[in-house]
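Take 168 as the starting number for the sequence shown in our numbering and just add one per residue. Just so you know, even glycine gets a beta-carbon here, dropped at the ideal spot from N, CA and C. Every value quoted in this text rests on a predicted model; they were computed, and no experiment measured them. As structure tokens, the structure follows; a few thoughts come after it.
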Amino acid sequence: LGSLLAGSLSSDGGAMQLSSGMAGFGFALALPFALFAMFPNWLNALPKSGGWLTTVKVVLGFLEVALAFKFLSNADLVMHWGLLKREMFIGIWIVVFALLTLYLFGFIRFKHDSPIKKLPKVRMILGLLTGAFTLYLVPGVTNTKYNNLSLISGFPPPLYYSIYPQKSQCILSLNCTKDYDQGLQMAREQGKPMLIDFTGYACVNCRRMEENVWTQPAVYKLLKEKFIIVSLYVDDKKKLPAAEQFTYTTKDGLTKDITTVGDKWATFQTENFKNNSQPWYVIMNTNEALMTHPVGYVPDAAEYLKWLEAGLAAYDKTTAGK
């Protein structure tokens, strides 16, 4: 809902977008109550509380612990604490889901659990799935090509945020910067277009794009050889130097204090591109002109590649004869 509210304020047709989104949310929330009111006999068909409900609570408790570390990881990235690197995060998840697997198979019991005479089929299936997921996580703590856990992209910290030495703090060791002015200078020096990547440390879809789409050979080759990547983190809580902090007046006449790196780039995106969702990709030439329409989350690598090629072709036309 947060993304829906923010997006509707910064896009054309925002009223319709917000109305349809909230209507869908309200309908989904009200539907179960309406159905049970219309068909009260359905309530009698629901399973009664008992040992199974205790199991559900314990499983949800394990999941809550796992997700708690996800939110702690978001804070760690945004605040630059350096506490929960990618491998540490995945290691904690391995422990949590290994314990959950043992619990589902009955090797671990809590005081409110009923004795298990025979393991239910549903619990056995869940145990097998959880165990398989735990094994799937194991390569994530290694420094190998198998550490990119694509099924959970966006949940662990990014690949470069690692306990292992990294060649670069850029995504996938691409030619990048995290400052717009520096990116513009690099683009002019190297004669390449800029790919402005409005992103966020806590942005799940941003990580999915980087780990599932940017890693595709054709896309990666184009990004590596033909573009200057300018990654602007809109949720970066790092304070700007005092000399760079200022009060900005928006085009709507509102004032906003720009005190952090995230404030700067979030305002830059909203004011110049009328959008504040992430990821948001913009291709610009060295004269700061758009080469093609900006795009957001594009999980189809082939579609994203076509968009990159269109922007690159437009850039080549603008530089032809120079």
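Beta-carbon contacts of residue i that lie in its chain and below 7 Å, excluding the five residues immediately before and after
i    : result
F413 : I425
A481 : M458 and T459
T301 : I261, F264, A265 and T268
M353 : T344 and I395
M246 : K404
K224 : none
Residue burial classification, residue i (beta-carbon count within 10 angstroms, cutoff 16)
i    : result
Q357 : exposed
T110 : Not covered by the structure: residue 110. The range shown for the chain is 168 to 489.
V289 : exposed
I330 : exposed
T486 : exposed
G249 : exposed
M183 : exposed
N310 : exposed
D467 : exposed
A369 : buried
Candidates the options: closest to residue i by CA position
i    : options                   : result
I396 : G420, E378, P384 and M361 : M361
T459 : K484, T437 and A385       : K484
T453 : T427, T422, D467 and F394 : F394
H279 : S320, L302, L250 and T222 : T222
D419 : A410, K406 and K441       : K441
D402 : P446, G298 and I319       : P446
L407 : F192, G429, L339 and T417 : G429
Y400 : L475, G367 and Y415       : G367
Y313 : E455, L472 and E254       : E254
V465 : A235, A385, R375 and F236 : R375
A242 : A469, F256 and G294       : F256
R355 : K252, K284, E455 and S187 : E455
L339 : P332, L326 and Y347       : L326
Endpoints, the beta strand (DSSP E) within which residue i is located
i    : result
Y448 : W447 to M451
D430 : Counting along the chain, D430 falls outside any beta strand (DSSP E), though it belongs to the alpha helix (DSSP H) covering V428 to F440.
V397 : I395 to Y400
K418 : No beta strand (DSSP E) holds K418; DSSP gives it neither H nor E.
M361 : M361 to T366
Same chain, Cβ closer than 6 Å to residue i, neighbours up to 5 away in sequence not counted
i    : result
K345 : S398
N315 : E378
A477 : T459
Through-space distance from residue j to residue i, alpha-carbon basis
i    : j    : result
Y270 : R276 : 6 Å
T422 : T434 : 11 Å
A201 : A212 : 16 Å
L286 : P306 : 30 Å
V449 : A190 : 32 Å
W209 : F203 : 6 Å
L295 : F272 : 9 Å
P207 : L198 : 14 Å
Chain-order list of residues whose beta-carbon lies under 8 Å from that of residue i (same chain, five-residue window excluded)
i    : result
S177 : Low per-residue confidence applies at S177: pLDDT is 48, beneath 50, and the placement is therefore not dependable, though the value from the model is reported in the following sentence. If we look at S177 and ignore the five residues flanking it on each side, its Cβ neighbours are T437, K441, N442, N443 and S444.
A472 : The displayed chain sequence assigns Leu, not Ala, to residue 472. So the list reads Q383, A385, V386 and L389, once near-sequence residues are dropped.
Residue i Cβ short of 8 Å to the ligand SAH heavy atom set
i    : result
F194 : The ligand SAH is not part of the structure shown, which contains no ligands of any sort.
Endpoints, alpha helix (DSSP H) assigned at residue i
i    : result
C373 : V371 to R375
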